[in-house]
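Read through the structure below, which is laid out as structure tokens, and then see the notes.
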Amino acid sequence: MAEHPLGSAERPLRVAVIGSGPAGFYTCDDLLKKKDLNVQVDLFDRLPTPYGLVRFGVAPDHQKIKSVIKQFERTAGMHGFRFLGNVTMGRDLTHDELVAHYDQVAYCVGAETDRRLWVDGEDLDGSHPATTFVAWYNGHPEHRDLQFDLQTERAVVVGVGDVAMDVSRVLLRSREELGKTDIAGYALEQLKRSNVTEVVCLGRRGPAQAAFAQKELKDIAKLEEVDVIVDKAQVDEAMKTVDELEPMFKRKLEYLAKLAEEGPTGAPKRLRLEFLASPTEIIGNDGKVAAVKIERNALVEEGGRVRPKGTGDFTTLETRCIFRSVGYHGVPLEGVPFDKKGGVIPNVDGRVTDGSGGEVLKNVYAVGWIKRGPTGVIGTNKTDAVATVKQMLADIAGKSAANDQKKSAQAIDALLAERGVNVVTFEDWKKLDALELAAGEKLGKIRDKFTTVESMLEALGRKA
Ligand code: NAP
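Those letters in the sequence shown? Residues -11 to 452, per my numbering, in order.
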């Protein structure tokens, strides 16, 4: 069979991108934008809906962040792009099949689960990973049936990153405001019945090391119904070294000092930021969370990093609801190497390796949180995707291939059809999108999401 250069009109490059969150879309975009490259990209997702964490991670009252979807829609309109939703890797297609049907496979599956705290009582009823609460209020079909006991006046959030801020804001913000967003209907109903008036966020290090972005805290501080309470003594102590801080942390600390100085306004709800505080045990009663035991920390410098060190001074805080917001963690995919400790697919600059420090696997790549760990904002994934695509293109430079029937859209479609997989295309998704927007309009919200795969397939006139 005649061979042609890979990526030419005679022999287009065929790429499978797994996961349709920002990392997946940016990877497709960079590939499809390359001049002189003839590429066919199939973007897979296990859900019928695209956009990953933009749909299920970004808070419903942060619609501006979701405007990145407009860019993704433009990518989806580019020649050579296909979306294959409702296809689960490992169940509907294996890694080996992907490698057989595509020239290159890029995993962009994000970090799906939470990091553990490793304290006693972590799994008591009422102790939740923040990641599942976020997925729940955003209408994720796999998390919609979770239950959260919000009949408590105080909720505790462990961690002071941006996710902790999102969770705190959603718990405290007025229901009227939340009701106008695309929050899942069932979540809004439960939040309407919530008794939570105080959220305590526990930061294991000091105010100078807080992980949240200043803007995220500001978004809470500006809510009329919420006071942000910061311990002035803790902030004053941290301010002694303010000039040694990087500009971003310096500005953040100065903002915390301003909040501490202003003090509470007497608003009906509050966010209390407690720094230098580590949970050491979640105390239960009848299998349910009743309180959290907290150890006061001091700061020590170790290996150039400021670390928390327990002082042996303990207190107890009563609560029935704890959200552990200490970061995300990747989950392994069948047949794909996985670094358990780091929660990532081992790789060198995006080229997947057979274990940490192992051999590079041919034609398999990683992008986004599953490549580098759960850090950075949505846009960080663009740079990350560009870096991996650079390796992908370097790997095909000068290579030719024949027009193998196996490596065709028809072959993958036939395989999925044979297995009875109900593939949802981008056009299908646009129908669901229009239905969600129309349903939202009737309710005075931005969007009313479908929250089960069955209801989505039914709306498309398909059998689940
Ligand atoms: P994160 O920024 O890494 O914050 C994790 C927090 O958990 C930190 O305060 C960390 O403290 C703490 N922590 C870690 N292990 C702990 C332990 N064993 N005990 C107590 N505390 C512990 O993670 P994230 O909040 O999940 O956010 C993930 C990424 O998504 C971040 O890059 C974030 O910026 C991004 N994000 C952005 C937005 C937005 O832009 N609006 C919204 C959500 C998420 P240490 O600092 O001491 O490690």
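Just so it is clear, CB atoms sit at the ideal spot from N, CA and C, and this is done for glycine as well.
Mind checking residue i: buried by the 16 CB within 10 Å criterion, or exposed?
i	result
Val145	buried
His67	exposed
Val42	buried
Met236	exposed
Leu261	buried
Thr376	buried
Thr307	buried
Ile366	buried
Asn410	buried
Gly315	buried
Arg193	buried
Gln398	exposed
Thr299	exposed
Pro256	exposed
Arg163	exposed
Pro252	exposed
Val319	exposed
Asp30	buried
Met77	buried
Asn369	buried
Does the distance between the C-beta of residue i and the nearest non-hydrogen atom of the ligand NAP fall short of 7 Å?
i	result
Gln222	no
Asp219	no
Val365	yes
Ser55	no
Arg360	no
Tyr90	no
Glu110	no
His50	yes
Ser443	no
Asp215	no
Tyr14	no
Ser156	no
Arg192	yes
Val148	yes
Arg161	no
Out of the options, which one is the CA nearest neighbour of residue i?
i	options	result
His(-8)	Arg407, Asp392, Arg192	Asp392
Ala123	Asp401, Val348, Ser313, Arg181	Ser313
Leu159	Gly147, Lys433, Phe136	Phe136
Leu(-6)	Leu25, Arg62, Val29	Leu25
Val223	Lys240, Leu81, Glu177	Lys240
Lys394	Ala402, Lys387, Ser388	Ala402
Val93	Thr363, Gly343, Val5, Ile333	Val5
Glu250	Leu445, Pro117, Asp215, Thr119	Asp215
Ala143	Ala390, Ile333, Cys309	Cys309
Gly267	Ala397, Glu442, Arg104, Lys257	It is Pro, not Gly, that sits at residue 267 in the sequence shown. Among Ala397, Glu442, Arg104, Lys257, the Cα nearest to that of Pro267 belongs to Arg104.
Lys203	Gln178, Gly167, Lys180, Arg157	Arg157
Lys52	Thr341, Arg34, Thr169	Thr169
Gly167	Ala47, Lys328, Pro38, Glu415	Ala47
Asp91	Thr140, Asp49, Arg(-1), Tyr243	Arg(-1)
Ala265	Ala226, Cys189, Thr15, Met227	Cys189
Phe414	Val374, Ala(-10), Pro36	Pro36
Lys238	Ala196, His50, Ile217	Ala196
Ala405	Asp80, Lys180, Gly7	Asp80
Asp154	Thr119, Thr185, Gly65, Gln178	Thr119
Ala199	Phe32, Ala152, Tyr95, Asn183	Ala152
Asn183	Met444, Arg161, Asp327	Arg161
Glu232	Gly191, Asp327, Val294, Phe263	Val294
Leu1	Asp416, Ala390, Leu179	Ala390
Can you give me the C-alpha to C-alpha distance between residue i and residue j, rounded to a whole angstrom?
i	j	result
Asp372	Asp133	34 Å
Ala354	Ala385	19 Å
Ser115	Lys430	36 Å
Asp219	Asn335	43 Å
Val87	Gly127	33 Å
Thr303	Gly432	45 Å
Trp106	Ile271	14 Å
Ser388	Glu289	55 Å
Gln139	Ser55	34 Å
Thr82	Tyr243	50 Å
Glu213	Ala226	28 Å
Val352	Arg339	6 Å
Ile57	Tyr39	7 Å
Lys418	Leu321	29 Å
Give a yes or no on whether 8 Å exceeds the smallest Cβ distance from residue i to chain C.
i	result
Pro129	No chain C appears in this structure, which consists of one protein chain only.
- Message: With a threshold of 8 Å, are at least 3 pairs of Cβ atoms found where one atom belongs to the stretch 169 to 182 and the other to the stretch 423 to 439?
- Response: yes
- Would the stretch 10 to 25 and the stretch 417 to 430 be scored as touching if the rule is three or more Cβ pairs under 8 Å? no
- Item | Cβ pair count under 8 Å reaching 3, the stretch 206 to 220 against the stretch 268 to 283 | With a cut-off of 8 Å, the stretch 268 to 283 and the stretch 206 to 220 do not count as touching, because too few Cβ pairs lie within range.
- Can at least three beta-carbon pairs, one atom from the stretch 264 to 277 and one from the stretch 53 to 71, be found at a separation below 8 Å? Touching, no.
- With a cut-off of 8 Å, do at least 3 Cβ pairs link the stretch 95 to 113 to the stretch 343 to 362? yes
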